[in-house]
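A short write-up of the structure that comes next.
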Amino acid sequence: MSGIIGKKVGMTSIFDADGKNIPCTVIEAGPCVVTQIRTEEKDGYSAVQLAFDEAKEKNTSAPLKGHFAKAKTTPKRKLVEFKTFPDEKQLGELVTVSIFEEGEYIDVVGTSKGKGFQGVMKRHGFGGVGGATHGQHNRLRAPGSLGASSWPSRVFKGTRMAGRTGGDRVKVQNLQVLKVYEEQNLLVVSGSIPGAKGSYVIVDK
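Per the working numbering, residue 2 is the first one in the sequence shown, and the count goes up by one each step.
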(Lines of atoms letter the chains of each structure in order from A and count residues from 1; the text may use other names and numbers.)
(Lines give C-alpha, C1' and ligand atoms only; values in the text may rest on other atoms or scores of the structure.)
Protein backbone atom coordinates (compact mmCIF):
# COMPACT_ATOMS: atom_id res chain seq x y z
CA MET A 1 0.00 0.00 0.00
CA SER A 2 1.17 3.51 -0.75
CA GLY A 3 0.66 6.41 1.61
CA ILE A 4 2.20 9.31 3.46
CA ILE A 5 3.27 10.32 6.97
CA GLY A 6 1.39 13.16 8.64
CA LYS A 7 0.62 14.98 11.83
CA LYS A 8 -2.81 15.44 13.41
CA VAL A 9 -3.73 19.14 13.46
CA GLY A 10 -7.18 18.91 15.05
CA MET A 11 -10.90 18.51 14.35
CA THR A 12 -13.45 20.77 12.71
CA SER A 13 -16.60 20.35 10.63
CA ILE A 14 -17.69 21.31 7.12
CA PHE A 15 -21.00 21.40 5.28
CA ASP A 16 -21.58 19.26 2.21
CA ALA A 17 -23.66 20.16 -0.86
CA ASP A 18 -26.86 18.99 0.88
CA GLY A 19 -26.23 21.19 3.91
CA LYS A 20 -25.24 18.28 6.16
CA ASN A 21 -22.64 19.11 8.82
CA ILE A 22 -19.79 16.55 8.62
CA PRO A 23 -17.26 16.21 11.47
CA CYS A 24 -13.75 15.93 10.08
CA THR A 25 -10.08 15.88 11.02
CA VAL A 26 -7.31 18.02 9.53
CA ILE A 27 -3.99 16.25 8.86
CA GLU A 28 -0.72 17.94 7.94
CA ALA A 29 0.48 15.33 5.44
CA GLY A 30 4.04 15.60 4.17
CA PRO A 31 5.95 16.59 2.24
CA CYS A 32 7.88 13.35 2.80
CA VAL A 33 11.30 12.46 1.40
CA VAL A 34 12.19 9.03 -0.01
CA THR A 35 15.18 8.00 2.12
CA GLN A 36 15.54 4.33 1.12
CA ILE A 37 14.40 1.90 -1.56
CA ARG A 38 14.04 -1.70 -0.35
CA THR A 39 14.44 -4.39 -3.04
CA GLU A 40 13.84 -8.14 -3.23
CA GLU A 41 17.46 -8.79 -4.23
CA LYS A 42 19.10 -6.87 -1.38
CA ASP A 43 16.52 -6.86 1.45
CA GLY A 44 14.25 -9.80 0.65
CA TYR A 45 11.22 -7.55 0.18
CA SER A 46 10.27 -4.42 -1.72
CA ALA A 47 9.25 -1.19 0.01
CA VAL A 48 9.77 2.57 -0.02
CA GLN A 49 10.95 4.34 3.13
CA LEU A 50 9.62 7.85 3.70
CA ALA A 51 10.86 10.46 6.21
CA PHE A 52 8.86 13.35 7.66
CA ASP A 53 9.27 16.36 9.97
CA GLU A 54 12.53 18.21 10.51
CA ALA A 55 14.84 17.13 13.37
CA LYS A 56 17.82 18.91 14.92
CA GLU A 57 21.31 17.77 13.93
CA LYS A 58 22.36 17.45 17.57
CA ASN A 59 19.47 15.06 18.28
CA THR A 60 20.30 12.78 15.34
CA SER A 61 22.71 9.85 15.66
CA ALA A 62 25.76 9.58 13.37
CA PRO A 63 24.43 6.52 11.46
CA LEU A 64 21.13 8.32 10.78
CA LYS A 65 22.98 11.45 9.64
CA GLY A 66 24.76 9.33 7.04
CA HIS A 67 21.46 7.70 6.10
CA PHE A 68 19.84 11.06 5.41
CA ALA A 69 22.95 12.43 3.68
CA LYS A 70 22.76 9.56 1.18
CA ALA A 71 19.26 10.76 0.25
CA LYS A 72 20.55 14.36 0.15
CA THR A 73 18.11 15.59 2.77
CA THR A 74 18.18 17.05 6.27
CA PRO A 75 17.61 14.89 9.39
CA LYS A 76 14.00 13.86 9.96
CA ARG A 77 12.02 12.73 12.99
CA LYS A 78 9.75 10.01 11.61
CA LEU A 79 10.61 7.10 9.28
CA VAL A 80 7.98 4.74 7.86
CA GLU A 81 8.09 2.08 5.13
CA PHE A 82 5.30 1.62 2.58
CA LYS A 83 5.01 -1.57 0.55
CA THR A 84 3.96 -0.36 -2.87
CA PHE A 85 3.68 2.84 -4.86
CA PRO A 86 1.95 3.04 -8.25
CA ASP A 87 5.03 4.59 -9.81
CA GLU A 88 8.73 3.96 -9.17
CA LYS A 89 10.33 6.28 -6.63
CA GLN A 90 13.87 7.62 -6.58
CA LEU A 91 16.10 8.38 -3.59
CA GLY A 92 15.52 11.95 -2.41
CA GLU A 93 12.20 12.31 -4.24
CA LEU A 94 9.37 14.23 -2.53
CA VAL A 95 5.96 12.66 -1.84
CA THR A 96 3.16 15.17 -1.23
CA VAL A 97 -0.60 15.21 -0.64
CA SER A 98 -1.07 15.31 -4.41
CA ILE A 99 -1.15 11.48 -4.35
CA PHE A 100 -4.65 11.75 -2.80
CA GLU A 101 -7.87 12.76 -4.53
CA GLU A 102 -11.02 14.20 -3.02
CA GLY A 103 -13.70 11.55 -2.56
CA GLU A 104 -11.40 8.52 -2.23
CA TYR A 105 -11.24 6.39 0.92
CA ILE A 106 -8.16 5.93 3.11
CA ASP A 107 -7.00 4.22 6.31
CA VAL A 108 -5.30 6.17 9.11
CA VAL A 109 -2.98 4.61 11.71
CA GLY A 110 -2.12 6.48 14.91
CA THR A 111 -1.28 6.02 18.58
CA SER A 112 -4.32 6.49 20.81
CA LYS A 113 -4.22 8.85 23.79
CA GLY A 114 -2.70 7.25 26.89
CA LYS A 115 -5.10 7.31 29.84
CA GLY A 116 -2.97 5.62 32.48
CA PHE A 117 -4.34 3.03 34.92
CA GLN A 118 -8.12 2.76 34.55
CA GLY A 119 -10.86 0.61 36.07
CA VAL A 120 -12.98 -1.97 34.26
CA MET A 121 -15.85 0.42 33.53
CA LYS A 122 -13.72 2.85 31.54
CA ARG A 123 -11.33 0.24 30.14
CA HIS A 124 -13.82 -2.46 29.09
CA GLY A 125 -17.23 -0.82 29.34
CA PHE A 126 -18.47 -2.80 32.36
CA GLY A 127 -21.82 -1.61 33.72
CA GLY A 128 -21.07 -1.77 37.45
CA VAL A 129 -23.49 -3.37 39.92
CA GLY A 130 -26.38 -1.25 38.71
CA GLY A 131 -27.72 0.16 41.95
CA ALA A 132 -26.63 1.17 45.43
CA THR A 133 -29.28 -0.95 47.23
CA HIS A 134 -28.97 -4.13 49.31
CA GLY A 135 -25.82 -3.05 51.06
CA GLN A 136 -23.84 -2.15 47.93
CA HIS A 137 -22.11 0.81 49.47
CA ASN A 138 -18.66 0.46 47.88
CA ARG A 139 -19.06 -1.92 44.92
CA LEU A 140 -20.57 0.37 42.28
CA ARG A 141 -17.56 0.35 39.91
CA ALA A 142 -15.95 -2.92 41.03
CA PRO A 143 -15.15 -5.71 38.52
CA GLY A 144 -17.07 -8.44 40.35
CA SER A 145 -16.05 -12.10 40.40
CA LEU A 146 -12.73 -12.96 38.72
CA GLY A 147 -13.08 -16.74 38.50
CA ALA A 148 -14.24 -20.01 40.05
CA SER A 149 -13.55 -21.55 43.46
CA SER A 150 -11.19 -24.40 44.39
CA TRP A 151 -10.96 -25.34 40.72
CA PRO A 152 -9.08 -24.03 38.84
CA SER A 153 -7.77 -22.03 41.85
CA ARG A 154 -6.43 -19.34 39.56
CA VAL A 155 -7.55 -16.50 37.31
CA PHE A 156 -7.64 -17.36 33.61
CA LYS A 157 -5.35 -15.46 31.25
CA GLY A 158 -7.14 -12.76 29.33
CA THR A 159 -9.69 -11.99 32.06
CA ARG A 160 -10.76 -8.40 31.62
CA MET A 161 -9.48 -6.41 34.58
CA ALA A 162 -8.30 -2.90 35.45
CA GLY A 163 -4.99 -1.79 33.94
CA ARG A 164 -3.11 0.58 31.69
CA THR A 165 -5.35 2.02 29.01
CA GLY A 166 -4.60 3.78 25.73
CA GLY A 167 -1.26 4.42 24.06
CA ASP A 168 -1.98 1.65 21.53
CA ARG A 169 -1.53 1.51 17.78
CA VAL A 170 -5.00 1.98 16.29
CA LYS A 171 -6.13 1.86 12.64
CA VAL A 172 -9.33 3.60 11.51
CA GLN A 173 -10.47 2.37 8.12
CA ASN A 174 -12.52 3.82 5.26
CA LEU A 175 -12.31 7.53 6.02
CA GLN A 176 -13.27 9.73 3.08
CA VAL A 177 -10.94 12.44 1.83
CA LEU A 178 -13.10 15.58 1.82
CA LYS A 179 -10.54 18.23 0.88
CA VAL A 180 -6.94 18.29 -0.40
CA TYR A 181 -4.95 21.51 0.03
CA GLU A 182 -1.68 20.98 -1.84
CA GLU A 183 -0.24 24.44 -1.09
CA GLN A 184 -0.62 23.98 2.68
CA ASN A 185 0.08 20.18 2.64
CA LEU A 186 -3.26 19.55 4.35
CA LEU A 187 -5.75 16.68 4.14
CA VAL A 188 -9.29 16.96 5.51
CA VAL A 189 -10.79 13.53 6.22
CA SER A 190 -14.21 12.57 7.54
CA GLY A 191 -14.58 11.43 11.15
CA SER A 192 -12.00 11.19 13.91
CA ILE A 193 -8.56 9.60 14.01
CA PRO A 194 -6.60 8.26 17.00
CA GLY A 195 -4.06 10.34 18.89
CA ALA A 196 -3.60 13.76 20.42
CA LYS A 197 -3.09 16.98 18.48
CA GLY A 198 0.42 17.06 17.05
CA SER A 199 0.86 13.28 17.10
CA TYR A 200 2.18 11.39 14.05
CA VAL A 201 -0.21 9.41 11.86
CA ILE A 202 0.27 7.13 8.86
CA VAL A 203 -2.18 7.62 5.99
CA ASP A 204 -2.62 4.52 3.78
CA LYS A 205 -4.29 4.51 0.39
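By construction, the Cβ of each residue, glycine as well, lies at the ideal position given by its N, Cα and C atoms.
In the displayed model, Leu141 falls within coil according to three-state DSSP, outside both helix and strand.
If you check the CB distance, Lys206 and Lys9 do not come in under 9 Å. Separation of Ser200 and Ala56 (C-alpha to C-alpha, rounded to the nearest whole angstrom) is 15 Å.
Under the three-state reduction of DSSP, Glu103 is assigned to coil, being neither helix nor strand.
With contacts defined as CB atoms closer than 9 Å, Val96 and Leu65 fail to qualify as a contacting pair. Counting only unbroken stretches of 3 or more residues, the beta strand (DSSP E) elements lying wholly within the stretch 135-184 are 164-166, 170-182, in sequence order.
Cβ atoms of Phe53 and Lys77 come within 8 Å of each other, at about 6 Å. Contact between the stretch 114-123 and the stretch 154-166 is present, with at least three C-beta pairs closer than 8 Å. Within a 10 Å sphere around the beta-carbon of Val49 sit 16 or more other beta-carbons, which makes this residue buried. Each residue's CA atom was taken as its position, placing Ser99 and Ser14 some 22 Å apart.
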